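Residue numbers (the numbering used here): 194 to 857.
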């Protein structure tokens, strides 16, 4: 017995690399070309071999798949291919209980109780195997051949949601609406224009419109989309009929119950799952006099009724994992589809050329049928082809075709009828050769396949695109303590909040722009140089500790690039603001114009001039207008109160340059 010394680190590294590559290629990631993982491809092809066009026992199918798939039972994957709430167009049709994708508890029946068959779209995905359009490879033990990929006529990688986890890699690909997808690709082929495609999920619901996320998904293959359940308010009940793709009914209900028991959703008195044969229905009953819109917003914010789908479009491209955007995927798929079409046409050209060659031999025999019969009759068995070749000037294959003809067919009528196809074959071969050389003609074939797919299987979008208005953040606990506070608002965007009289600890170079004596339930209005006003609730700001920096407001409004020009306050005492502009105009604006649920207000002051200064007042007062030459005193009673945030105001001093305003 001999022993060999090897580096254990190298052994582990090599074995791990082999294992990782195997998992990625053979289990975890879908292939860009047909959008399938190996297990799904093997299920479909095995059923194709079984001619499973009618319902057959799932256990029988799972057993046959074992000939191609070495990783145990494929029934779990088969269940997912059947579920109508998992895929908009399921690849398999089922009879029996296959569970529900939207339910964590409703499990599928055992494979001995359920039945499956191929759906129409799956049958269409497995056409023209006999035309050499895709390569065939050995199964795991070399006893059978199976297709490397299926010759699909549409990019199924984008039509079906797919997720997988490998060693060091993961994939999460959303589904897109097949009708929209095929229309967008046809438009792209014809005009070169790329449409921004938005995911569409089998569970329906609402996808929040976020153009930057959609663009990122289309360009980079990554992005997180927000999905809301579809809800309807009926008196003191909320009826949920569709939920986000990434959650279940039980997860939503359990979260509501948990929050209710914790006293954070006290307005909810009952929640029921009434899902049945008529469809999904979750009812949430609330106490009388509950603001149902606020309750619904709470459900969206604090339960899985609003969830996210984080896309990471990792797929196999040339046997390597790669993250591609939607349109990069389409470009790669079109390249592969072009290759498939060329391979199919080349196979047809080869087949027709062979038939044409044989017919041309028959055409020569037609000149002397009697002699052909005589040669066959008097020649020995192994000399028939050679004698026919010699007499008619044909090759061995042509002679063999004549020799193998039935005697009843060696007549003028039969042969003339056969050779009528010569002209048709010649024209078809020439046409196919032209198509192979012309990308435009191949594109027409691709378009035809896409249009046929759309007509047969295209459906309207299930997940509607919702453009939501930004509203105030809702809280689980609505009771907020109210007390007097003093706030200091600085040029650099810091807010110092004190209960008593304290001085803020400013950063070097920073300065206080506004000081307000107000209440904890007030809202701060932050005016930027872009004329956008951001609203921040004081109750969301912690009290400032002694000698500490205040709260940095740009972080709260998620806009670190804002240039703050002024502040105001919305509370129970302040009534209006006086705004001074760079064109010497002054506007008196009602603070009610800034109230409402929106946290971002565009065009919040005069559109044509820069904001010089702003004062927030409780009542009319005398104002000092500081100009470049003097000081004027005016009474705010003389200004008309307006409800328009971007009012232009009136001239304070037509001839003098206004610099600042202050209370006299």
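All residues carry an ideal CB built from backbone N, CA and C; glycine is no exception. Keep in mind that this is a model prediction, so the values were computed, not measured.
DSSP, read as helix, strand or coil, puts residue 649 in helix. Judged by their CB atoms, residue 782 and residue 724 are not nearer to each other than the 8 Å cut-off. Sequence-distant partners of residue 722 (beyond 5 residues in either direction) whose C-beta falls short of 6 Å from its own C-beta, in its chain, are 756 and 758.
DSSP places residue 256 in the uninterrupted alpha helix (DSSP H) bounded by 251-258. A contact between stretches requires three or more CB pairs, one per stretch, nearer than 8 Å, and the segment 345-355 meets this requirement with the segment 221-229. CA-to-CA, the gap between residue 682 and residue 727 works out to about 14 Å.
Check the Cα spacing between residue 686 and each of 746, 739 and 695: the tightest is with 746.
If you draw a straight line from the Cα of residue 341 to the Cα of residue 257, it comes to about 18 Å.
Between the alpha carbons of residue 568 and residue 255 lies a gap of roughly 57 Å. In the DSSP assignment, residue 721 falls within the unbroken beta strand (DSSP E) covering 716-721. When C-beta atoms of the segment 417-436 are compared with those of the segment 492-509, three or more pairs fall below 8 Å, so the two segments count as touching.
For residue 821, the closest C-alpha among the options 796, 853 and 840 is that of 853. For residue 224, same chain residues with a beta-carbon under 6 Å away, outside a window of 5 residues either side, are 342 and 509 in chain order. Where residue 563 is concerned, the enclosing alpha helix (DSSP H) starts and stops at 562-571.
Residue burial is scored here from C-beta neighbours: residue 375 has at least 16 other C-beta atoms within 10 angstroms and is therefore classed as buried. Counting other Cβ atoms within 10 Å of its Cβ, residue 455 stays below 16 and is therefore classed as exposed.
No residue range can be given for residue 245, since it is assigned to no beta strand (DSSP E) and is classified by DSSP as neither H nor E.
Residue environment for residue 609: exposed (fewer than 16 other C-beta atoms within 10 angstroms of its C-beta). Around residue 743, the same chain offers 687, 688, 689 and 737 as residues with beta carbons nearer than 6 Å, after the five sequence neighbours per side are excluded. Assignment of residue 540 by DSSP, reduced to helix, strand and coil, places it in the helix class. Membership of residue 807 in the beta strand (DSSP E) is indicated by the continuous run 804-810. Counting other Cβ atoms within 10 Å of its Cβ, residue 762 reaches 16 or more and is therefore classed as buried.
Here DSSP, grouped into helix, strand and coil, assigns residue 787 to helix. Separation of residue 535 and residue 624 (C-alpha to C-alpha, rounded to the nearest whole angstrom) is 13 Å. Counting along the chain, the unbroken beta strand (DSSP E) around residue 727 starts and ends at 726-730.
Counting the other CB atoms within 10 Å of its CB gives residue 833 a total below 16, which places it among the exposed residues. In this structure, DSSP gives residue 238 a helical state, which the three-state scheme calls helix.
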